[in-house]
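**Q** The structure under discussion is supplied below as structure tokens; questions concerning it will follow.
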Amino acid sequence: MPEKRQFRAIRGTRDILPPESSLWNWFEQTAREVFESYNFREIRLPIFEDTELFARSIGIETDVVSKEMYTFGDRDESSLTLRPEATASVCRAYIEHNMHALPGNAKLYYIGPMFRRERPQKGRYRQFYQIGAEVLGQSDSPAIDAEVLEMLIAFFNRVGLTRTTLYINSIGDKNCRPAYVELLRAELQRVKAQLGHDSQRRIETNPLRVLDSKIPEEQPIIEKLPRISGHLCDACREHFAKLKEELNLRGMKYEENWRLVRGLDYYTRTTFEVTAEGLGSQNAVCGGGRYDGLVELLGGPPTKGIGFAIGSDRSILSIQEGGNAPPPPALSVYIAWMGQKTYRAAVSIARKLRAANLTVELPPEEMKFKKSLGLADKLGARYALILGEDETASNTYTLKRLSDAAQKTLTENELLEYLESERRGTRA
Ligand code: AMP
Numbered sequence: 001m002p003e004k005r006q007f008r009a010i011r012g013t014r015d016i017l018p019p020e021s022s023l024w025n026w027f028e029q030t031a032r033e034v035f036e037s038y039n040f041r042e043i044r045l046p047i048f049e050d051t052e053l054f055a056r057s058i059g060i061e062t063d064v065v066s067k068e069m070y071t072f073g074d075r076d077e078s079s080l081t082l083r084p085e086a087t088a089s090v091c092r093a094y095i096e097h098n099m100h101a102l103p104g105n106a107k108l109y110y111i112g113p114m115f116r117r118e119r120p121q122k123g124r125y126r127q128f129y130q131i132g133a134e135v136l137g138q139s140d141s142p143a144i145d146a147e148v149l150e151m152l153i154a155f156f157n158r159v160g161l162t163r164t165t166l167y168i169n170s171i172g173d174k175n176c177r178p179a180y181v182e183l184l185r186a187e188l189q190r191v192k193a194q195l196g197h198d199s200q201r202r203i204e205t206n207p208l209r210v211l212d213s214k215i216p217e218e219q220p221i222i223e224k225l226p227r228i229s230g231h232l233c234d235a236c237r238e239h240f241a242k243l244k245e246e247l248n249l250r251g252m253k254y255e256e257n258w259r260l261v262r263g264l265d266y267y268t269r270t271t272f273e274v275t276a277e278g279l280g281s282q283n284a285v286c287g288g289g290r291y292d293g294l295v296e297l298l299g300g301p302p303t304k305g306i307g308f309a310i311g312s313d314r315s316i317l318s319i320q321e322g323g324n325a326p327p328p329p330a331l332s333v334y335i336a337w338m339g340q341k342t343y344r345a346a347v348s349i350a351r352k353l354r355a356a357n358l359t360v361e362l363p364p365e366e367m368k369f370k371k372s373l374g375l376a377d378k379l380g381a382r383y384a385l386i387l388g389e390d391e392t393a394s395n396t397y398t399l400k401r402l403s404d405a406a407q408k409t410l411t412e413n414e415l416l417e418y419l420e421s422e423r424r425g426t427r428a
């Protein structure tokens, strides 16, 4: 006898069950509608890629690559990794399919799971979901940055995620950032003894990341560090100023946060993050920025890029906690049938109602009316369609509204007409 064992979802992963899954579908569908209205189109990407793709683009020294990737050897010894994010994959696809030769910018969005071996907690999972968008092409106009941000906030507004704050920053480019990073490193060396272990290590590996620190004792020290805004080159300063003009033109609210550097290596110039209320410490619902040069780093032609990734798990949590979630779709009609002769009529009318886009439950086994109507109630059906010997004999249907037990007898045409007009009016 095999050992009796109860299987459970792996730590940091979870099942999304109904009715919550309806909320997810609505959330993702809304993203599709909003993004497509900005002329973005969906790209469907593989879940795993060559490990080197992520190592090279995200950066060897980042937490994601050094500690969090799900990496495994394939049977032919090649090293594969479950994607921890999708920007690298989008760039890989852009190169692989020669998208630079297409007219205009490539405007792409994706929806799907990402994998990082982080410590699970509320709003942080090992399999989590992102909705992202990327613009790749020849232009690095700040108007693109602003339109991407406008689209992002339009989406958040559409799903009722309105208690949010948009933070923006510029982290310079390859002309001005290296000098700033050296200056920062030198300043950090001077205060090294007052910093925690992680920040001390980052002085060598990635001094910018020290600015991300949330450790209370480090805050007064970090506040006194030199800020990149004073060290941007003219082109980067102008780009950032134009971005703010473009955001003002769109009537968008934002806050500048000089410490917003983001965890991945590939960002240049614009970086941004959106936080939402009611989520505790894991309150970032979206992160993104510009990554001019990433496509080239991956072996493609010189290309500008900007994009973001929305964390669906946290966004949906915030929508639920704000009480703004739309109700799950209701069951319209429960068919309470009795008598083997009526079964044929029940199957036939169920098919017709479903073809008219109504949600219909047809019990597979005969039940007494009392039991059947009780179940209809428990399932939250709006109507019970009662089909007994009498109805079959007279070719009619008895429709009972379960909220007030109002009942009417209808022919098939009347029934279809009535329920369809109801559906159009009330989403029943
Ligand atoms: P990043 O790809 O790190 O820039 O993250 C973008 C967004 O994805 C974050 O703002 C979060 O909302 C979400 N996110 C990142 N990591 C996780 C995780 N482990 N669990 C849940 N959401 C995450």
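Residue numbers for the sequence shown follow the numbering used here, beginning at 1 and rising by one. Ideal Cβ positions, reconstructed from N, Cα and C, are used throughout, including at glycine. Bear in mind that the values here come from a model prediction, so they are computed numbers and not experimental data.
Thinking C-alpha only, which one of Pro363, Asp140, Thr396 and Pro46 is nearest Tyr291?
**A** Residue Asp140 is the option with its Cα nearest to Tyr291.
**Q** How long is the line joining the alpha carbons of Arg209 and Glu134, rounded to whole angstroms?
**A** Going from the Cα of Arg209 to the Cα of Glu134 covers about 24 Å.
**Q** Kindly identify the DSSP beta-bridge partner or partners of Leu108.
**A** Partner(s): Arg41 and Glu134.
**Q** Below 8 Å, is the gap between the Cβ of Leu419 and the nearest heavy atom of ligand 2?
**A** Among the ligands present in this structure, namely ligand 1, ligand 2 is not found.
**Q** Have a look at Ile60, Ile111 and Gln320 and flag the residue whose alpha-carbon is nearest the alpha-carbon of Glu28.
**A** That would be Ile111, whose Cα lies nearest to the Cα of Glu28.
**Q** From Leu108 to Ser22, what distance separates their C-alpha atoms?
**A** One C-alpha to the other measures close to 24 Å.
**Q** In three-state DSSP terms, what is Lys370?
**A** It is helical.
**Q** Could you give the residue range of the beta strand (DSSP E) that holds Cys485?
**A** As displayed, the chain neither begins before 1 nor continues past 428, which places residue 485 out of reach and without an answer.
**Q** Grab me the residues of Arg185's own chain with a C-beta within less than 7 Å of its C-beta, minus the 5 sequence neighbours each way, in chain order.
**A** Ile203 and Pro207, listed in sequence order.
**Q** With distances taken from CA atoms, which of Ala9, Gly293 and Ala309 is nearest Gly263?
**A** Comparing Cα positions, the closest option is Ala309.
**Q** For Gln320, is the classification buried or exposed, using 16 other Cβ atoms within 10 angstroms of its Cβ as the cut-off for buried?
**A** Exposed, by the Cβ-count rule.
**Q** Just verifying my parser: in three-state terms, what is the DSSP assignment at Gln320?
**A** Helix.
**Q** Need the endpoints of the beta strand (DSSP E) that Asp50 sits in, please.
**A** Where Asp50 is concerned, the enclosing beta strand (DSSP E) stretches over Phe48 to Asp50.
**Q** Would you give the residue range spanned by the beta strand (DSSP E) that Ile386 belongs to?
**A** Its beta strand (DSSP E) spans residues Tyr383 to Leu387.
**Q** Would Leu152 pass as a contact of Val261 if the rule is Cβ separation under 9 Å?
**A** No. Outside cutoff.
**Q** What residue from Leu166, Ile60 and Thr411 has the CA that sits closest to Thr270's CA?
**A** Comparing Cα-Cα distances from Thr270 to each of Leu166, Ile60 and Thr411, the minimum goes to Leu166.
**Q** Quick check: what's the CA-CA separation for Met252 versus Leu387?
**A** Cα to Cα, Met252 sits roughly 57 Å from Leu387.
**Q** For Val274, which residues does DSSP report across the bridge?
**A** In the DSSP output, where bridge partners are listed per residue, Val274 has Leu166 and Cys286.
**Q** Can you tell which of Asp50, Lys224, Arg126 and Ser89 has the C-alpha that lies nearest to the C-alpha of Glu77?
**A** Answer by Cα proximity: Asp50.
**Q** Measuring only the C-alpha atoms, how far is Phe156 from Asn175?
**A** Roughly 35 Å between the two C-alpha positions.
**Q** For ligand 1, is there any heavy atom lying closer than 8 Å to the beta carbon of Ala284?
**A** The answer is yes for Ala284.
**Q** Measuring CB to CB, does Arg56 end up less than 9 Å from Leu298?
**A** For Arg56 and Leu298, yes; Cβs fall inside 9 Å.
**Q** Would DSSP call Ile228 helix, strand or coil?
**A** Helix.
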